[in-house]
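Notes follow once the structure below has been shown.
Numbering (the working numbering), first residue to last: 10 to 145.
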């Protein structure tokens, strides 16, 4: 189901709770909402649709991917980026890393590790910031 975009900064500034199997419907709503906003959005976190759970969805080189409980465990090559967000107005500066290794769980709660670089890594870092309650 496509959900409304959350713009309440007090809600968005909360740290998200760990996600479990009972939250898979939220993951699907996140994918549906991301697809509905594909013209202006490449990634979303669950708090952007009003669910305070550690779930992100993003465009992974043309195919949508969902991560439950993502965490960056390795990073290299810092740089300054400028980013916008559907939940916030304007563009803001953010410190990002060109390469990141992420530990996450898939839809079966199986732990996975994957390295991402470039634009995809930047998207993931932005969405994980949402999970941490960090507003860019």
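The C-beta atom is built at its ideal place from N, Cα and C for all residues, glycine as well.
A quick note: this is a predicted structure, and the numbers were derived from the prediction, not measured.
Item: Apart from the five residues on each side of it in sequence, which residues of its chain come closer than 8 Å, Cβ to Cβ, to residue 23?; Value: 56, 61 and 142
Item: With distance defined between alpha-carbon atoms, name the residue in 79, 59, 52 and 83 nearest to residue 29.; Value: 79
Item: Residue 107: which of 133, 121, 37 and 115 sits nearest, CA to CA?; Value: 133
Item: Where DSSP assigns a beta bridge to residue 85, which residues make up the other side?; Value: 108
Item: With DSSP collapsed to three states, give me the class of residue 95.; Value: coil
Item: Three or more C-beta pairs under 8 Å: does that hold for the region 90 to 107 against the region 61 to 72?; Value: no
Item: Indicate the three-state DSSP secondary structure (helix, strand or coil) for residue 65 in the structure shown.; Value: strand
Item: What does a CB cutoff of less than 8 Å around residue 118 pick up in its chain, not counting 5 residues either side in sequence?; Value: 29, 30 and 77
Item: Just to confirm before moving on: does the CB-CB distance between residue 12 and residue 32 stay below 8 Å?; Value: no
Item: When you compare only the Cα positions, how much space is there between residue 58 and residue 15?; Value: 5 Å
Item: Could you tell me the alpha carbon to alpha carbon distance between residue 8 and residue 10, rounded to whole angstroms?; Value: The shown model of the chain, from 10 to 145, leaves out residue 8, and the question about it has no answer.
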